[in-house]
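Structure, as structure tokens:
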Amino acid sequence: MNKILNEIKIIIKENISKYLPEVKTSDLEGNGEIYYMNGDNGTEFEWYVNEHLPYFMVFYNDEQNLGALKLSVYNDGGILLYIYGDKGNKFIKEIKTSIDVTKDEIFKLAVMLKYEADDCKIWDASIDTIKTDGKIIDEKIVKFKEAEEHLKPIKNKMKLFNKTACVSNKILEEGWKVGYMYREELSNETDSGWNFMAGNEDEDYTSNYNNFKILSLYEVYELDKNIWDYIDSPIGTKFIRISSNEFEIDKNNKEIYMEKR
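Those letters in the sequence shown? Residues 120 to 380, per our numbering, in order.
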């Protein structure tokens, strides 16, 4: 097995023993098997967008099948570990540590996992079932790197998720979808510049600051995922909704399509 995966196994075993001493191996799925959770986005996406490998997880062996432990390996060798007790229902501990490896070694593991797991259609499987001892040919490395440029727009959008946005209570409290959105100059480094309205706010409504709240852009996205395609548009852009799931540049020649969530 790859030496990094061996290090991960050691870290996981030690921390389960330390922070979940009451948990027996029989209480865990596969007697404590470690699963490589590439089934959602895949290795390339997590590597180039989130800068870590897909999660490594250990699950409780019961009907709920919740996680007992979740571990992230970042591209610099950093490790972030979460431990859950009460059969996965209680957060116990967050641990930050690292493994002594080079970025190139981590990268080559990512390439290996992509070709031996993702490309072999092995999803969310035990790491013991994935072949990771082979040699990586240059052609596979080049192919893996090609994904970086393709995924860059997604990474840039996700960076915006932690920025703030101004949102009308017509959206938050009355349940309207975003009907009108515009991006203005940033007020500070945490601001996305985005303002979101339902489209039926009148002048009296918009002049009262109590009718608006500041949320993260991610929270707005959770309310209305149709904004995803537009959030990296430049400052000065204005959009109106024209259908249940589409926006277009506002040219002041169409009515806003109004719809509730």
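Glycine is no exception: its CB is placed at the ideal position from the N, C-alpha and C atoms.
If you drop the 5 nearest sequence neighbours on each side, which residues of the same chain put their C-beta closer than 7 Å to that of residue i?
{"i": "aspartate 323", "result": "none"}
{"i": "aspartate 146", "result": "Tyr179 and Asn180"}
{"i": "lysine 128", "result": "Ile153"}
Nearest-angstrom Cα distance between residue i and residue j?
{"i": "glutamate 341", "j": "valine 297", "result": "12 Å"}
{"i": "lysine 379", "j": "phenylalanine 358", "result": "18 Å"}
{"i": "isoleucine 375", "j": "glutamate 367", "result": "10 Å"}
{"i": "tryptophan 166", "j": "isoleucine 225", "result": "10 Å"}
{"i": "valine 339", "j": "asparagine 314", "result": "10 Å"}
{"i": "serine 311", "j": "alanine 284", "result": "6 Å"}
{"i": "isoleucine 290", "j": "alanine 317", "result": "6 Å"}
{"i": "leucine 190", "j": "phenylalanine 331", "result": "38 Å"}
{"i": "glutamate 152", "j": "asparagine 275", "result": "35 Å"}
{"i": "glutamate 141", "j": "arginine 360", "result": "54 Å"}
{"i": "phenylalanine 178", "j": "lysine 206", "result": "9 Å"}
{"i": "isoleucine 256", "j": "phenylalanine 263", "result": "11 Å"}
{"i": "serine 306", "j": "threonine 325", "result": "19 Å"}
{"i": "glutamate 108", "j": "lysine 259", "result": "No answer is possible for residue 108: it lies beyond the span of the chain, which begins at 120 and ends at 380."}
{"i": "glutamate 133", "j": "isoleucine 198", "result": "14 Å"}
Helix, strand or coil for residue i, going by three-state DSSP, please let me know.
{"i": "tryptophan 166", "result": "helix"}
{"i": "valine 142", "result": "coil"}
{"i": "glutamate 374", "result": "coil"}
{"i": "leucine 270", "result": "helix"}
{"i": "glycine 158", "result": "coil"}
{"i": "valine 220", "result": "coil"}
{"i": "valine 177", "result": "strand"}
{"i": "valine 192", "result": "strand"}
{"i": "lysine 296", "result": "coil"}
{"i": "serine 136", "result": "helix"}
Pull the bridge partners of residue i from the DSSP assignment, please.
{"i": "isoleucine 153", "result": "According to DSSP, which records beta bridges pairwise, isoleucine 153 is partnered with nothing at all."}
{"i": "phenylalanine 331", "result": "Ser287"}
{"i": "serine 439", "result": "For the chain, the structure presents residues 120 to 380; residue 439 sits outside this window and is missing."}
With residue i and residue j assumed to form a contact (beta carbons below 8 Å), what rounded beta-carbon distance in angstroms separates them?
{"i": "glutamate 303", "j": "isoleucine 218", "result": "Between isoleucine 218 and glutamate 303 the Cβ distance is about 44 Å, and since that is not below 8 Å, they are no contact."}
{"i": "tyrosine 337", "j": "phenylalanine 280", "result": "4 Å"}
{"i": "methionine 231", "j": "asparagine 345", "result": "With 8 Å as the limit, methionine 231 and asparagine 345 do not qualify as a contact, their Cβ atoms being about 37 Å apart."}
{"i": "leucine 200", "j": "leucine 188", "result": "7 Å"}
{"i": "isoleucine 214", "j": "glycine 204", "result": "Their Cβ separation, rounded to whole angstroms, is 14 Å, which puts isoleucine 214 and glycine 204 out of contact at 8 Å."}
{"i": "phenylalanine 164", "j": "leucine 270", "result": "6 Å"}
{"i": "glycine 149", "j": "serine 245", "result": "6 Å"}
Using a Cβ-Cβ cutoff of less than 8 Å, which residues in the same chain neighbour residue i once the five nearest sequence positions on both sides are dropped?
{"i": "tyrosine 235", "result": "First, the residue type needs correcting, since residue 235 is glutamate and not tyrosine in the sequence shown. Here the set comprises Ile241, Ile249, Lys250, Thr251 and Gly253."}
{"i": "isoleucine 123", "result": "Val192, Ile218, Val220, Glu224, Ile225 and Leu228"}
{"i": "isoleucine 333", "result": "Thr283, Ala284, Cys285 and Val286"}
{"i": "isoleucine 350", "result": "Lys276, Leu279, Ser311, Trp313, Leu336 and Tyr340"}
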